[in-house]
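2 protein chains.
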Amino acid sequence: MPSNRLAQQIAFIVEIDKLKQILRQTLLTNASRQENSAEHSWHIALMAIVLAEYAPAGVNLLHAVKLLLLHDLVEIDAGDTFCYDLSGNQSKAERELAAADRLFGLLPPDQGTELRSLWEEFEAQVTPEAKFAVALDRLQPILNNQQTGGASWKKHGIRADQVLWRMQPVQEGAPELWPLVEQIVADCVAAGYLQQASQAESVST
Amino acid sequence: MPSNRLAQQIAFIVEIDKLKQILRQTLLTNASRQENSAEHSWHIALMAIVLAEYAPAGVNLLHAVKLLLLHDLVEIDAGDTFCYDLSGNQSKAERELAAADRLFGLLPPDQGTELRSLWEEFEAQVTPEAKFAVALDRLQPILNNQQTGGASWKKHGIRADQVLWRMQPVQEGAPELWPLVEQIVADCVAAGYLQQASQAESVST
């Protein structure tokens with residue numbers, strides 16, 4: 001019989017399969033369907049490996065990859081909140097804290113505490129690893145939006161100034177990638193995938 | 001303008017989104033649909049982190065996670081070959097080599113060589129990291145099969161002796177997890193999720 005410790009770990013591993021059912025607003029690059037949070041997490045973890053050379057000096061890559069692999073787990077209970085949904089984001093913190101209690105509570109206490117602290121570290125965006133991880137989490141959706149002709153931007157009427165505001169963590173967590181972000185946004189505006197902010201709206205932001 | 005090097009890396013990152021479209025025989029734990037290879041890769045990478053304490057001494061966890069995150073990329077061109085499909089597995093190696101040429105060839109040459117060698121290392125199952133990674137790649141589907149009442153085993157008429165044969169890398173790459181595998185297989189046979197080998201079939205295997 002496996003130990004109680006291993007049984008708890010396996011229960012957690014089985015439970016997190018549910019992240020594959022959580023849909024995001026981003027579409028796959030072929031626009032066939034919405035992306036789910038598990039495959040999104042895979043994508044950005046592999047991005048961290050491919051783009052490791054642009055991480056600020058001193059970033060521990062394994063630590064950043066851990067943050068990326070588990071940063072969305074709380075969505076199993078709390079759902080994915082669209083980043084431009086202001087009212088949804090007001091209740092997000094409370095829903096996610098309850099989710100963290102339940103999900104990380106499935107693990108042996110020492111490991112539950114450890115993984116929960118990694119999730120809190122990602123959310124706090126203070127350590128270099130968390131800043132780098134958040135930068136990649138922000139970058140991936142604009143790559144997919146570019147491939148789909150701005151599908152989720154158009155659906156929700158998102159403007160270039162909103163995207164650039166949302167991308168600010170790239171400037172802090174992976175500054176060498178910021179010119180890429182500006183280039184993608186400019187290309188998407190030029191291609192008609194993304195609305196330029198109107199004069200009046202620009203003044204108010 | 002981003003450098004040519006970064007442009008190649010971004011082209012690779014965009015291309016690998018296609019792994020989200022590659023379907024495996026395994027179902028999600030709620031049996032709602034087939035699992036895809038991207039979310040499968042996420043699941044086993046996070047398993048490596050949760051189950052790291054069962055890795056043989058000296059295993060470098062970041063190295064194992066890298067192997068797990070990219071081990072299925074060649075399926076973008078070569079497709080997923082069901083592990084019990086003997087004829088499909090005969091042509092698998094050739095299809096996957098051509099896929100590796102194309103996909104890793106999208107990257108800057110130094111990085112393409114590095115990531116391709118990681119894929120080759122996983123396939124060769126010689127290093128401790130590759131053995132541990134392969135063990136987790138084998139373990140995850142039996143967890144999902146147990147949750148779905150043996151859905152993909154029943155669909156393809158897979159027997160317990162075939163599963164135990166398929167699970168042998170667990171014995172080598174993560175021996176502390178082998179009793180768990182035996183327990184799951186025994187539980188699944190007892191529950192009627194998995195056929196016991198018949199007397200005649202047992203003799204021939």
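If you're matching them up, the sequences are chains A and B in order.
Counted the way UniProt numbering counts, the first sequence spans residues 1 to 205.
Counted the way UniProt numbering counts, the second sequence spans residues 1 to 205.
From the three backbone atoms N, C-alpha and C, an ideal C-beta is built for every residue, glycine too.
Computed from a predicted model, the values in this text were never measured in an experiment.
Asked: Roughly how many whole angstroms lie between the Cα atoms of Thr205/B and Gln195/B?; Found: No answer about Thr205/B holds up, because its pLDDT of 42 lies below 50 and its placement is not dependable.
Asked: Can you tell me whether Gln90/A is buried or exposed, with buried defined as 16 or more other CB within 10 angstroms of its CB?; Found: exposed
Asked: Is the shortest distance between the beta-carbon of Leu23/A and the beta-carbons of chain B less than 7 Å?; Found: no
Asked: For Leu194/A, would you say it is in contact with chain B, using Cβ-to-Cβ distances shorter than 7 Å as the test?; Found: no
Asked: Does DSSP put Gln125/B in a helix, a strand or coil?; Found: coil
Asked: Between the alpha carbons of Asn4/B and Leu51/A, how many angstroms are there, rounded?; Found: 14 Å
Asked: By how many angstroms is the C-alpha of Pro2/A removed from the C-alpha of Ala190/A?; Found: 59 Å
Asked: Looking at the secondary structure, which residues open and close the beta strand (DSSP E) in which Asn89/A lies?; Found: Counting along the chain, Asn89/A falls outside any beta strand (DSSP E), though it belongs to the alpha helix (DSSP H) covering Leu86 to Phe104.
Asked: What's the gap between the Cα of Gly112/A and the Cα of Leu28/B?; Found: 24 Å
Asked: Kindly indicate which residue of His156/A, Asn144/A and Met167/A has the alpha-carbon position closest to the one of Ala31/A.; Found: Asn144/A
Asked: DSSP three-state call for Thr148/A: helix, strand or coil?; Found: coil
Asked: Pick out whichever of Glu120/B, Ile22/B and Gly192/B has its Cα sitting closest to the Cα of Cys75/B.; Found: The question names Cys, but residue 75/B is Glu in the sequence shown. Of Glu120/B, Ile22/B and Gly192/B, the residue nearest in Cα terms is Ile22/B.
Asked: Classify Arg33/B as buried or exposed, calling it buried when 16 or more other Cβ atoms lie within 10 Å of its own Cβ.; Found: exposed
Asked: Can you tell me where the beta strand (DSSP E) holding Arg24/A begins and where it ends?; Found: Leu23 to Leu27
Asked: Whose Cβ in chain B lies nearer than 8 Å to the Cβ of Leu164/A?; Found: Here the premise fails: no neighbours, minimum Cβ distance about 16 Å.
Asked: Taking a cut of 8 Å between CB atoms, which residues from the region 23 to 37 of chain A lie near chain B?; Found: Leu28, Thr29, Asn30, Ser32, Glu35 and Asn36
Asked: Flag this pair as touching only if the region 86 to 104 of chain B and the region 38 to 57 of chain B have three or more C-beta atom pairs under 8 Å; answer yes or no.; Found: no
Asked: Please classify Glu129/B: is it buried, with 16 or more other beta-carbons within 10 angstroms of its beta-carbon, or exposed?; Found: buried
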